[in-house]
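Quick note on the numbering used here: the sequence shown kicks off at 24 and runs consecutively.
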Amino acid sequence: MPDPTPQPPDETTTTPPSFEDLVAEGAAVPTEGWDFSWFAGRATEARPSWGYAVSLAGRLAGAEAVLDVDTGGGEVLDFALDRASRTPALLAATESWPPNVAKATELLRPRGVVVVAVPPEAPLPFADGAFDLVTSRHPVRPDWTEIARVLRPGGTYFAQHVGPASVFELVEYFLGPQPEEVRAGRHPERERAAAQAAGLEVVDLRAERLRMEFHDIAAVVHFLRKVVWMVPGFTVEAYEGALRALHERIVAEGPFVAHSTRHLIEARKPL
């Protein structure tokens, strides 16, 4: 006689999600802020050895007036403030993308940070010499003249920047080979020269190339929607054929590997 107890279904042959399901999932995830926790299990990126956010916490403890440029959703500044042994007397942050302005305001206002909406490439709306520490993690395009202007004599700019040809394995998969001038953009030595031309003294400059892996096409879709300057004008519809081919490649060969580039830069305004 058969056992009357119902048996659980066999889960060893789970059907993997389809291309359409994965693309829909990647296209549905909200993109505001710089919280990348959704990528857990779907994509990985090695972190620079210098630990920017933890180092920033130490810098905040020794500052009186701080400006965080291009703060995103405020996540990095919030992390650093949570770990700083002392909070600066004056805290401000700028951001240009409206959804991020709202998110940063909600996150940082309880910490006493004034979040200011500043259009891209507009002057910083602060007085000359207003800050002794200006910070930024992955600014869109550092305006060295403005950074130097708002720093007090003896003040410091401390930041982590995106470097040249970052994640270009993915960029060139979709856009094809890029000119050398494009690949060399954001080069740390160019930024050193620009900072010096603005009157700043570069006292530390370190660069690293870091491995990234995309484990499914949903991660690729969400990444390109979130980091919009990688493939300008990216939409699923415009790149459906390339996305489908990349999905099939990941399924057959494993994760798509790329490399990000980052550099830590510290510059001081002379006394």
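Idealized CB from N, CA, C, for every residue including glycine.
message = Helix, strand or coil for T284? Go by DSSP, reduced to three states.
response = Within the sequence shown, the letter at position 261 stands for residue 284. Three-state DSSP puts T284 in a strand.
task = Consult DSSP for V139 and reduce its assignment to one of helix, strand or coil.
result = Taking the first residue of the sequence shown as 1, we reach residue 139 at position 116. Three-state DSSP puts V139 in a strand.
request  = From the DSSP output, read off the bridge partner residues of A115.
outcome  = Against the sequence shown, residue 115 aligns to sequence position 92. Its beta-bridge partners are L90, V137.
key: Distance between T128 and D101 (C-alpha atoms, nearest Å)   = Here residue 101 is taken as the residue at index 78 of the sequence shown, counted from 1. Here residue 128 is taken as the residue at index 105 of the sequence shown, counted from 1. Taking the straight line from one Cα to the other gives about 11 Å.
inquiry  = I'd like to know whether the C-beta atoms of G178 and L156 end up nearer to each other than 8 Å.
reply    = Residue numbering aside, residue 178 sits at position 155 when the sequence shown is read from its first letter. Residue numbering aside, residue 156 sits at position 133 when the sequence shown is read from its first letter. Between G178 and L156, the gap from beta carbon to beta carbon is short of 8 Å.
Contained alpha helix (DSSP H) runs [length at least 4] in the stretch 27-76, N- to C-terminal order = 42-51
inquiry  = One question on the structure: do L223 and A171 come within less than 8 Å of each other, judged by their Cβ atoms?
reply    = Looking up residue 223 in the sequence shown gives position 200. Looking up residue 171 in the sequence shown gives position 148. The answer is yes: Cβ separation under 8 Å.
ask   = What are the boundary residues of the alpha helix (DSSP H) that includes L193?
value = In the sequence shown, the residue the question calls residue 193 occupies position 170. According to the DSSP assignment, L193 belongs to the alpha helix (DSSP H) that extends over 191-198.
ask   = Is W252 buried or exposed, if buried means 16 or more other CB atoms sit within 10 Å of its CB?
value = In the sequence shown, counting from the first residue as 1, residue 252 sits at position 229. Classification of W252: exposed, given that the 10 Å Cβ count is below 16.
request  = Could you work out which residue in R248, A140, V226, R232 is closest to D93 when comparing CA atoms only?
outcome  = In the sequence shown, the residue the question calls residue 93 occupies position 70. Per the Cα distances, A140.
key: E98 (DSSP reduced to helix, strand or coil)   = Working through the sequence shown from its first residue, we reach residue 98 at position 75. Correct three-state label for E98: helix.
message = For T158, report the span of its alpha helix (DSSP H) as first-last.
response = To locate residue 158, count along the sequence shown from 1; it is residue 135. Not the alpha helix (DSSP H): T158 falls in the beta strand (DSSP E), residues 154-160.
Proximity test, V254 beta-carbon vs the ligand NAD heavy atom, cut-off 7 Å = Of the ligands one can find in the structure shown there are none, so the ligand NAD has no counterpart to examine.
Under 8 Å between C-beta atoms of A116 and L79 = Taking the first residue of the sequence shown as position 1, residue 116 is located at position 93. Taking the first residue of the sequence shown as position 1, residue 79 is located at position 56. It is not a contact, given that the beta carbons lie outside the stated cut-off.
Start-end ranges of the alpha helix (DSSP H) lying completely within the stretch 245-282, minimum 4 residues = 263-276
request  = Count the CB pairs spanning the stretch 184-203 and the stretch 254-266 that are closer than 8 Å, and state whether there are at least three.
outcome  = yes
message = Short of 7 Å in beta carbon distance, which residues of its chain neighbour S283, apart from the five on each side in sequence? Order them along the chain.
response = Taking the sequence shown and counting its residues from 1, the one referred to as residue 283 is at position 260. Same-chain partners within the cutoff: E68, S189, V190, L233, M235.
key: Cβ separation of V89 and T158, assumed to be a contact under 8 Å, to the nearest whole Å   = Along the sequence shown, read from residue 1 onward, the residue named residue 89 stands at position 66. Along the sequence shown, read from residue 1 onward, the residue named residue 158 stands at position 135. That pair is a contact at about 7 Å.
task = Identify the continuous alpha helix (DSSP H) that holds T168 and give its terminal residues.
result = As a position in the sequence shown, residue 168 is number 145, starting the count at 1. Element bounds for T168: 167-173.
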